[in-house]
Amino acid sequence: MLNLTGMDQLLRQIEQMGNKVEGEVEKKALKEGAEHLRNKMEENAPRGKTGNLASEIVVGDIENGSVEIGGDQQGKAFYGHFQEFGTSRQKAQPFMAPTLENESQTTQDKMATVIKRELGL
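Numbering (numbering that gives the first Met the number 0), first residue to last: 0 to 120.
This is the structure in structure tokens:
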């Protein structure tokens with residue numbers, strides 16, 4: 000017969016780590032990833048006369064394990080949607096979707112680094 004001691008304590012510690020990841024650690028990781036993407040989107044945004052589009056890319060609040068990144072729909076760069084997807088009279092100049100695609104792995108790596116650091120791994 001195999002006797003494992005301390006298993007209850009180990010299981011409690013693993014559960015606590017899971018709870019920690021779902022709380023502040025998750026928020027820190029999401030914020031790190033979102034800020035990285037925002038910076039890259041700002042770099043890749045089409046530049047017009049004002050430069051408003053790049054400067055108006057914002058990171059929203061973290062809610063339910065999710066965060067939005069994009070142009071402020073009510074701000075000076077309300078036209079970001081038109082740039083990204085085009086209109087009947089304007090050719091699309093996508094920069095957000097390509098940035099997300101190109102930076103996906105780097106963003107995930109940055110988030111994983113935060114999680115590992117916060118959990119002491």
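We put the CB at the ideal spot given by N, CA and C, even for glycine.
How many angstroms separate the CA atom of residue i from the CA atom of residue j?
i, j, result
"glutamate 25", "glycine 64", "7 Å"
"glycine 47", "leucine 118", "44 Å"
"threonine 86", "leucine 120", "48 Å"
"asparagine 51", "glutamine 104", "28 Å"
"glutamine 92", "isoleucine 68", "18 Å"
"isoleucine 56", "aspartate 71", "6 Å"
"aspartate 60", "glutamate 23", "13 Å"
"serine 54", "glutamate 62", "23 Å"
"proline 45", "threonine 106", "22 Å"
Who does residue i pair with in a DSSP beta bridge?
i, result
"glycine 70", "Ile56"
"glutamate 62", "Ser65"
Within a Cβ cutoff of 7 Å, which residues of the same chain sit near residue i, ignoring the five residues on either side of it in sequence?
i, result
"glutamate 31", "Lys109, Met110 and Val113"
Tell me which same chain residues have a C-beta within less than 6 Å of the C-beta of residue i, skipping the five on either side of it?
i, result
"asparagine 43", "Phe94 and Thr98"
"phenylalanine 84", "Ala91"
Hey, residue i and residue j are a contact pair by Cβ (cut 8 Å); roughly how many whole angstroms apart?
i, j, result
"valine 58", "glutamate 41", "No, valine 58 and glutamate 41 are not in contact; Cβ-Cβ is about 11 Å, not under 8 Å."
"glutamate 102", "leucine 36", "6 Å"
"glutamine 89", "phenylalanine 81", "6 Å"
Could you spell out where the alpha helix (DSSP H) holding residue i opens and where it closes?
i, result
"lysine 109", "95-118"
"alanine 33", "25-43"
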